[in-house]
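>
Numbering (the numbering used here), first residue to last: 228 to 429.
(1) Shortest alpha-carbon distance to residue 352 belongs to which of 340, 360, 372, 328?
(2) From the DSSP secondary-structure annotation, give me the bridge partner or partners of residue 352.
(3) Helix, strand or coil, according to DSSP, for residue 264 in the structure here?
(4) Going along the chain, which residues of its own chain have a beta-carbon closer than 6 Å to the beta-carbon of residue 375, five neighbours each way excluded?
(5) Which of the three DSSP states is assigned to residue 291 in this structure?
(6) Quick one: what's got a C-beta closer than 7 Å to residue 368's C-beta in the same chain, skipping five residues either side?
(7) Given residue 421, which residues of its chain have a CB within under 8 Å of its CB, disregarding the five upstream and five downstream residues?
(8) Go ahead and label residue 394 buried or exposed: buried means 16 or more other beta carbons lie within 10 angstroms of its beta carbon, across all protein chains shown.
(9) When the Cα atoms are used, what is the spatial distance from residue 249 to residue 293?
(10) Tell me whether the stretch 311 to 326 and the stretch 287 to 303 touch, counting them as touching only if at least three CB pairs, one residue from each stretch, are closer than 8 Å.
(11) In whole angstroms, give me the CA-to-CA distance for residue 317 and residue 381.
(12) Report the partner residues of residue 324 according to the DSSP bridge assignment.
(13) Determine the closest residue to residue 474 out of 331, 336, 270, with distance taken between C-alpha atoms.
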């Protein structure tokens with residue numbers, strides 16, 4: 228066995244796999260799709276009327292973008308807890324603005340259908356601005372930039388898109404909106420909840 232094969236085998240044996248499962252159906256001769264996750268949630272997608280759908284739900288690519296920013300937000304909370312110094316390691320609010328993605332439609336719509344499309348159907352890029360409001364004004368612009376850099380690598384959806392060649396261009400900015408007393412208490416309460424949840428049971 229080659230050294231590279233042994234290394235791959237060792238890495239596989241150390242993997243901690245998190246599995247996701249769902250079932251889905253698209254029926255009634257329409258492109259609308261209904262998915263049911265094994266965690267008990269239903270997701271539906273559709274297409275605009277001009278594309279043969281009924282525009283009843285978000286388009287699949289819109290769902291992908293929502294998954295991306297949702298994954299970034301969840302990852303950002305995790306990273307902040309472990310990156311920023313206590314007790315300032317909580318995020319009160321994350322806002323994503325001007326999120327845009329683009330693809331070359333020829334990749335999906337080129338005809339005749341049996342011919343290879345001249346370009347990939349994949350997204351070319353996703354861009355946007357991320358405004359982070361921490362629970363403490365002691366967090367700096369540099370702290371938020373460091374947070375964003377780690378999130379881009381640690382977010383499973385972002386990492387999957389990047390590995391597929393999609394260019395992710397997100398600007399991470401510190402939200403300098405003055406914190407209210409409610410924001411401060413919210414951060415403290417959330418910190419207490421997390422500490423209690425992670426406290427070893429006697």
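Ideal Cβ positions, reconstructed from N, Cα and C, are used throughout, including at glycine. Since the model is a prediction, treat every value here as computed from it, not as a measurement.
For this structure:
(1) One-based indexing of the chain shown puts residue 352 at position 125. Answer by Cα proximity: 328.
(2) Along the chain shown, read from residue 1 onward, the residue named residue 352 stands at position 125. DSSP, once it has assigned bridges, lists 329, 394 as partnering residue 352.
(3) Taking the first residue of the chain shown as position 1, residue 264 is located at position 37. Three-state DSSP puts residue 264 in a strand.
(4) Counted from its first residue, the chain shown places residue 375 at position 148. Hits under 6 Å: 399.
(5) Residue 291 sits at position 64 when you count from the first residue of the chain shown. It is helical.
(6) Taking the first residue of the chain shown as position 1, residue 368 is located at position 141. Within the same chain, Cβ atoms closer than 7 Å to the Cβ of residue 368 are found at 401, the five residues on either side in sequence being excluded.
(7) Along the chain shown, read from residue 1 onward, the residue named residue 421 stands at position 194. Annotation note: pLDDT 49 at residue 421 (below 50); position unreliable, coordinate value reported separately. If we look at residue 421 and ignore the five residues flanking it on each side, its Cβ neighbours are 308.
(8) Position 167 of the chain shown, counted from the start, is the residue given in the question as residue 394. So residue 394 ends up on the exposed side.
(9) The residue labelled residue 249 in the question sits at position 22 within the chain shown. The residue labelled residue 293 in the question sits at position 66 within the chain shown. If you take the alpha carbons of residue 249 and residue 293, they lie about 18 Å apart.
(10) Contact holds between the stretch 311 to 326 and the stretch 287 to 303, because three or more Cβ pairs, one in each stretch, are under 8 Å apart.
(11) For the purposes of this step, residue 317 is identified with residue 90 of the chain shown, where counting begins at 1. For the purposes of this step, residue 381 is identified with residue 154 of the chain shown, where counting begins at 1. A direct Cα-to-Cα measurement between residue 317 and residue 381 gives close to 18 Å.
(12) Walking along the chain shown from the start, residue 324 turns up at place 97. In DSSP, residue 324 forms a bridge with 356.
(13) Past the edges of the chain, shown from 228 to 429, lies residue 474, and the structure says nothing about it.
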